[in-house]
Amino acid sequence: MAVDRWQQIESLFEHAIALALPDREEYLRKACADDLDLYREVASLLEHDDSDGQEQSWAATAAAQLVVPEAHVRDRVGRLTPGTALGPYIIQDVAGVGAMGEVYRARDARLDRDVAIKTLPVEFAHDSHRRARLEREARVLGSLNHPRIAAIHDLLETTDGTYLVLEFVPGMDLASRLRSGPLPLHETLRISHDLADALQAAHAKGVVHSDLKPANIKVSEEGHAKVLDFGVAKLTSTGTAEVGIDVPHGDPSRGAFQTLLGGTPAYMSPEQAAGEPVDNRTDIWAFGCVFYELLTGKRAFDVGATSSAAMPSLSGLPGQILSAQPAHIGQLNPTVPRRVEQIVDRCLRRNRDDRYQSATALLTDLQDVEAEWESRRSPARTRHRVLNAFGIAMLVAVGSAFYFSQPGELKVERTRRLTVDSELELDPALSPDGTMLAYAGGASNETERTDIFVRPLSGGDSVNLTRDIQGGHRWPRWSPDGKVIAFITRYQVAPLYAESVGDAIIQVMSVLGGAATTIANAGVVGHTWSPDGKKIAYASGGEIYVAELNGTTRSRIAEAYQPHSLSWSPDGKWIAYASGNPEYLFRMLGNQAPAAVEIVSAGGGMPRRLTDNTSLNMSPVWTPDSRSLLFVSDRGGTRDVFELKLSGSGEPVGAPRRLTTGVNALSVELSKDGRHLAYPMFLSKNTLWSIAIPETSASAVSIAGARPLTSEVELIEGVSASKDGLWLAFDSNRGGNQDIYRMPRAGGKVQQLTTDSRDDFLPAWSPDGQSIAFYSFRTGNRDIFVMSADGKDVQQLTNDPAQERYPSWSPDGQSLIFDSDKGGRPQLFIVSKEGATWGLPRQFTTDGGVLAKWSPDGQYIAYLSGGIRIARPSGGATQLIVARQQSFAPEYLAWSSDGQTLLFKARDENNRAGFWSVPVHGGPLRHLVRFDDAAHPSPRIEFAADDKDLFFTMSERDSDIWLLDLRR
Amino acid sequence: MVMRHLLVDHARQRRREKRGGPAAVHVPLEVAVILSPEQVDEVVAIDLALNRLANVDERKSKVFEMRFFGGLSLEETAEALQISPTTVVRDWRFARAWLRRELTAGGDGSGPLAAD
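Here the protein sequences line up with chains A and B, keeping their order.
Positions 161 to 1128 (the working numbering) are the ones given, in order, by the first sequence.
Positions 1331 to 1446 (the working numbering) are the ones given, in order, by the second sequence.
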């Protein structure tokens, strides 16, 4: 057919359908003049036009059935032209075209406002059943009444058809907005919050959207979202499963086919694609798809047109939904926090039983993230540096403990120091009657072995309660009647990393002295009295227990992630605790690894997280009214005291509020009347030193010969020496948060390599000196990264919620071995290069293993597991070279340059460290260096070695107890 | 468009089966769920009719294909084909009328299917 002819036909058709029915024939006849063929052509087309209001008879052909459902569902009764009045509504123009028909913008003449009018399929007019149902459902929708849901105003039933009158929502819809790419995180969070809010409100009334997608979401100028067409899909279902809600009646196959057409492919849940009924979790799936798209700018399931110029394709749609995996969000947008990714993942579980079961649960997690995001965005994470000899820092604390606050709110009134000496005092606890102070003290900087002391608060001599009791004692807790103190005793030095928490028990002793009774004896890391004094709750491993004092019963009430530092609410309902970084509590390090505050019902149940887990949040204690928690957090830079209010049902009210500035509290404890807060002001630095490896024949040297390499007040954890002898790399918090730095081996300018606001640790030089591996919190949990030696080209190597640490290179630079707690118990994993990229990690040990180092010739891997072990990189049996004992615990190792000897750091039962060596193929141990300077202990495990020197850290610490007076 | 091909291929397979083709035919599960035996012929007929439309007006046939087979919204179709939504509305309406006419005029709905 000639092009012009076709265009003629097209044009005539178009003009004709714009006319009212009776006028069309006349128009055609005139326009076609004497071209009878043309007339017939257009007339026959018009005959088959489905918008002229006449029911066509389709029974003639089965083929038409495929086309007809569309028509039946989408039949429109006349096209509304501007100016047409529909009851009190005056049509303005076509606002858009939806799946079911045109959407008009109209003006409500009575209320003088804009509305949106949607035409509904003509069938409703003829079916009283359906009409009644429509009215019922419209009423439910009408009751939705939520700021995030476009309201339904009216349901118009005219002889011409049925119309839905809806709130007219101006603004851009998300689909248009997303054309320019992903949205910034804060906008995404706000929109997602609004959506979850809308879902929660609607689901509460039993309304499911079932067609949630960006095209259905409008965003106002202020960035708030509103959901359109809530429940409308169901409203307009023709009784067959248009979007899978109702059980299809009539022709089942027709229903199933319609299912395919009804929903929007890219946002269709697996159950919809399979033709099953939908429920609220279907909306959660769709929410996940939208959330994904907001974060990455790409569809999670790209089932639909791409914007390529060529003919777009639609790949097997249900198959894709049922089996495809969306690309990792972290790969498309690395700035997305891990926690957010987890939320999206949980929405997009194929089995709806694995998704969030309610919008409320989803909303809770979103609010968590928002609170965390807010706190991350406020004060830049600059650490106030601990200045020289700690003297000035104390002045800072005194001056700024007074903090401006609102009337009615808790505020600090006065502060004073309670203990003054060169030893470490920790764990203050005020007696219930407010007259006595108990604390753990008397430890030198070095041994960390403390006793429990009691003295009058106003001053006077301290009494050592545990002088005659073996072990090191910490965390005195007064019983509610003030007669008895429960504390934790440790018989050996707590290991820093990976090995079990070891032997730690709870003992109870009368304040007047005397014998102690054991209450619990299994790796305890925190305990608290019940308000009635009859029980003690404590944490051990990943569990929280409650033990009866008079009796031997104990019951497990909850499982949590590394719980410690417990506190029982005065009303008896809740137990609050810290989750994560238990080393902070029993190793006096002041380390910065993150921890969150959580609560669990004292009767048992699921823990609830109250704070983020990206900063350090520790030592929660309850106010007397059981409605607030005070805790230590470094979210603003220094470790300070914050208050978090809670509702009666244990939900956080608002964000944590700062009470102090710069007090460097290690923990906090509140008096019974809530008017005094005691805390240890803990100040420390951990700096870099080196010492020459002694000659083969010499005996052990003193640490006094060590030379300082850095002079800042900082906390350094890991150090690595490059193989060419030119560089040292280390992590430090000198710049505010923990970052990787490098400096010339011979001394000189220190250069910062990482600048991410999250902490980075443990740099490891690659053998060729071109790259540095490290682990970082930037994804929200510890993951392994590699960057070039100048700090650029950062690559993420692991991507899972487990904690990966301590990466170490193979001599050919093609592999890294690292620790991961993926299965619970830390094991070694290896990840290797595949061409230009890194492959997936594979597990190397199955019986536990950490802190591995590859031999220089690549033949062996040495690591720690019950002592020092040697293995072959290919696997197989391992050999124990040095066994771990109570009096001698190896904790970190390095190979000598010739690969014949293992150098390692070990600690004795008094926590004294030393450097040792052992020949790999048999031979006696050699003691290399003695840490015999009490003023400079070395509490951390990490060190590095080159052929001449050992590089390690040593610490200076001070801790005194202070008291704050609080007032409302 | 794979969806369309899936359906058409499936339909063709089924027709072959009817005439005694190979016993075990691999049919993607999702497609099997969709089509009833009755619809098999119709899908093929639509496919052929659509091909004929494409010969005279490719754009309209694409619009129909995306809307009908793909279930894309008007905006999505417009974006994919780089035309305005109003054009999509017009094309969609015209194509429907045209196809219906083709299908009803075809009599029993099964056109010549020599090439199987």
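Quick reminder that beta carbons are idealized off the backbone N, C-alpha and C, glycines included.
On a predicted model such as this, the values are computed, not experimentally measured, just so you know.
9 Å Cβ cut-off: residues of chain A touching D1377 (chain B): The sequence position of residue 1377 (chain B) within the second sequence is 47, counting from 1. Within chain A, no residue comes near D1377 (chain B); the closest Cβ sits about 11 Å away, beyond 9 Å.
Within-8 Å CB hit, W166 (chain A) to chain B: Residue numbering aside, residue 166 (chain A) sits at position 6 when the first sequence is read from its first letter. Interface residue (Cβ-Cβ distance to chain B less than 8 Å): W166 (chain A) is classified as such.
Segment contact, 8 Å Cβ cut-off, at least three pairs: the stretch 1036-1046 of chain A with the stretch 1091-1101 of chain A: These segments do not touch.
Length of the line joining the Cα atoms of I717 (chain A) and G878 (chain A): Sequence index remark: in the first sequence, residue 717 (chain A) carries index 557 (1-based). Sequence index remark: in the first sequence, residue 878 (chain A) carries index 718 (1-based). Straight-line Cα distance between these residues: approximately 38 Å.
T398 (chain A) at chain B interface by Cβ criterion, 8 Å: Here residue 398 (chain A) refers to the residue found at position 238 of the first sequence. Because T398 (chain A) sits at a pLDDT of 44, beneath the cut-off of 50, its placement in the model cannot be relied upon, and the following sentence gives the value as read from the coordinates. No, no contact with chain B.
As assigned by DSSP and simplified to three states, the class of S892 (chain A): Translated into positions along the first sequence, residue 892 (chain A) becomes position 732. Residue state, collapsed to three classes: strand.
Proximal residues to P242 (chain A) (C-beta, below 8 Å), its chain only, five neighbours per side dropped: By one-based count along the first sequence, residue 242 (chain A) stands at place 82. Excluding sequence neighbours, P242 (chain A) sits near I251, Q252, D253.
6 Å Cβ shell around Q216 (chain A) - same chain, five flanking residues per side excluded: As a first step, residue 216 (chain A) is located in the first sequence; it is residue number 56 there, counting from the start. Residue placement at Q216 (chain A) cannot be trusted, given a pLDDT of 29 that sits under 50; what the coordinates show is reported in the next sentence. A distance below 6 Å between beta-carbons, with the five flanking residues on each side excluded, links Q216 (chain A) to no residue of its chain.
Burial state of L338 (chain A) (16 or more Cβ within 10 Å): The count along the first sequence starts at 1 and reaches residue 338 (chain A) at position 178. Around the CB of L338 (chain A), 16 or more other CB atoms lie within 10 Å, so the residue is classed as buried.
Identity of the residue in A:E811, A:S715, A:E803 nearest S821 (chain A) by Cα: Position 661 of the first sequence, counted from the first residue, corresponds to residue 821 (chain A). Residue 821 (chain A) is actually Thr in this sequence, not Ser. With distances taken between Cα atoms, T821 (chain A) lies closest to A:E803.
Alpha helix (DSSP H) segment containing N777 (chain A), residue limits: Indexing the first sequence from 1 puts residue 777 (chain A) at position 617. Looking at the DSSP string, N777 (chain A) is not in any alpha helix (DSSP H); the run it does join, the beta strand (DSSP E), is 777-782.
For E170 (chain A), the nearest candidate out of B:F1424, B:E1388, B:M1396 (CA to CA): Here residue 170 (chain A) refers to the residue found at position 10 of the first sequence. Taking only the C-alpha atoms, the option nearest E170 (chain A) is B:F1424.
Minimum Cβ-Cβ distance from D210 (chain A) to chain B less than 8 Å: Sequence index remark: in the first sequence, residue 210 (chain A) carries index 50 (1-based). With its beta carbon less than 8 Å from one in chain B, D210 (chain A) belongs to the interface.
contact_flag[the stretch 812-819 of chain A, the stretch 758-767 of chain A] where n(CB pairs < 8 Å) is 3 or more: The stretch 812-819 of chain A makes no contact with the stretch 758-767 of chain A: fewer than 3 CB pairs, one atom from each, lie closer than 8 Å.
Test: L205 (chain A) CB closer than 8 Å to a CB of chain B: Against the first sequence, residue 205 (chain A) aligns to sequence position 45. Output row for L205 (chain A): interface = yes.
Cα-Cα separation, A298 (chain A) to A361 (chain A): For the purposes of this step, residue 298 (chain A) is taken as the residue at position 138 of the first sequence. For the purposes of this step, residue 361 (chain A) is taken as the residue at position 201 of the first sequence. A298 (chain A) and A361 (chain A) have their C-alpha atoms roughly 16 Å apart.
Reduced DSSP secondary structure (H/G/I, E/B, other) of Y516 (chain A): For this step, residue 516 (chain A) is matched to residue 356 along the first sequence. Three-state DSSP puts Y516 (chain A) in coil, outside helix and strand.
Close beta carbons around W1428 (chain B), own chain, < 7 Å, minus the five adjacent residues each side: For this step, residue 1428 (chain B) is matched to residue 98 along the second sequence. If we look at W1428 (chain B) and ignore the five residues flanking it on each side, its Cβ neighbours are L1383.
Residue burial classification, R543 (chain A) (beta-carbon count within 10 angstroms, cutoff 16): Position 383 of the first sequence, counted from the first residue, corresponds to residue 543 (chain A). Residue placement at R543 (chain A) is flagged as unreliable, the pLDDT there being 30, under the threshold of 50; the coordinate-derived value follows with that caveat. With 16 or more other Cβ atoms inside 10 Å of its own Cβ, R543 (chain A) counts as buried.
Proximity below 8 Å, CB of V685 (chain A) to CB of A699 (chain A): The residue you call residue 685 (chain A) lines up with position 525 of the first sequence. The residue you call residue 699 (chain A) lines up with position 539 of the first sequence. A contact, by the Cβ cut-off of 8 Å.
Residue ranges of each beta strand (DSSP E) within the stretch 581-625 of chain A, 3 or longer: Segments of the beta strand (DSSP E) lying fully in the stretch 581-625 of chain A: 584-590, 596-603, 611-616.
Whole-number beta carbon distance between R637 (chain A) and W689 (chain A), since they are thought to touch under 8 Å: Working through the first sequence from its first residue, we reach residue 689 (chain A) at position 529. Working through the first sequence from its first residue, we reach residue 637 (chain A) at position 477. Between R637 (chain A) and W689 (chain A) the Cβ distance is about 6 Å, and since that is below 8 Å, they are a contact.
Rounded C-alpha distance that separates M766 (chain A) from P961 (chain A): Mapped onto the first sequence, residue 766 (chain A) falls at position 606. Mapped onto the first sequence, residue 961 (chain A) falls at position 801. Answer to the nearest angstrom: the Cα atoms are 20 Å apart.
Cutoff 8 Å: S1403 (chain B) Cβ touching any chain A Cβ: Against the second sequence, residue 1403 (chain B) aligns to sequence position 73. Using a CB distance cut-off of 8 Å, S1403 (chain B) counts as an interface residue toward chain A.
Paired residues, beta bridge with M903 (chain A) - DSSP: Residue numbering aside, residue 903 (chain A) sits at position 743 when the first sequence is read from its first letter. Looking at the DSSP assignment, M903 (chain A) forms a beta bridge with A:L888.
Beta-carbon spacing of R574 (chain A), W1122 (chain A) below 8 Å: Working through the first sequence from its first residue, we reach residue 574 (chain A) at position 414. Working through the first sequence from its first residue, we reach residue 1122 (chain A) at position 962. With respect to W1122 (chain A), R574 (chain A) sits apart: the two C-beta atoms are not nearer than 8 Å.
Burial state of H1081 (chain A) (16 or more Cβ within 10 Å): Your numbering for residue 1081 (chain A) matches position 921 in the first sequence. Exposed, by the Cβ-count rule.
Cutoff 8 Å: E170 (chain A) Cβ touching any chain B Cβ: Translated into positions along the first sequence, residue 170 (chain A) becomes position 10. True, the Cβ-Cβ gap to chain B drops below 8 Å.
Buried or exposed by the 16-neighbour rule on C-beta atoms within 10 Å, applied to E295 (chain A): Reading the first sequence from its first residue, position 135 is the one you call residue 295 (chain A). Counting Cβ neighbours within 10 Å, E295 (chain A) comes out exposed, since fewer than 16 surround it.
Sequence-distant residues of the same chain with beta carbon closer than 6 Å to M903 (chain A), five excluded per side: Within the first sequence, numbered from 1, the residue matching residue 903 (chain A) stands at position 743. Around M903 (chain A): L888, V910.
Own chain residues within Cβ distance below 8 Å of A1354 (chain B), not counting five before or after: Counted from its first residue, the second sequence places residue 1354 (chain B) at position 24. Its pLDDT being 34, under 50, A1354 (chain B) is placed unreliably by the model, and the measurement read from it follows with that caveat. There are no such residues.
Residue-level contact to chain B via CB, E453 (chain A), 8 Å cutoff: As a working mapping, residue 453 (chain A) is identified with position 293 in the first sequence. Cβ-Cβ to chain B under 8 Å: no for E453 (chain A).
7 Å CB neighbourhood of I1030 (chain A) in its chain, flanking five on each side removed: Indexing the first sequence from 1 puts residue 1030 (chain A) at position 870. Hits under 7 Å: Y1020, A1022, T1038, Q1039, I1041, V1080.
Close-in-space but distant-in-sequence residues of the same chain around N777 (chain A) (CB under 7 Å, 5 per side omitted): Counting from 1 along the first sequence, the entry for residue 777 (chain A) is found at position 617. So the qualifying residues of the chain are A738, A755, A756, V757, T771, F791, S793.
CA-to-CA distance, D439 (chain A) to M1114 (chain A), given in whole angstroms: Translated into positions along the first sequence, residue 1114 (chain A) becomes position 954. Translated into positions along the first sequence, residue 439 (chain A) becomes position 279. Straight-line spacing of the CA atoms in M1114 (chain A) and D439 (chain A) works out to 60 Å.
Collapsed DSSP secondary structure at E829 (chain A) in the structure displayed: Sequence index remark: in the first sequence, residue 829 (chain A) carries index 669 (1-based). Look at E829 (chain A) here: in three-state DSSP terms it is strand.
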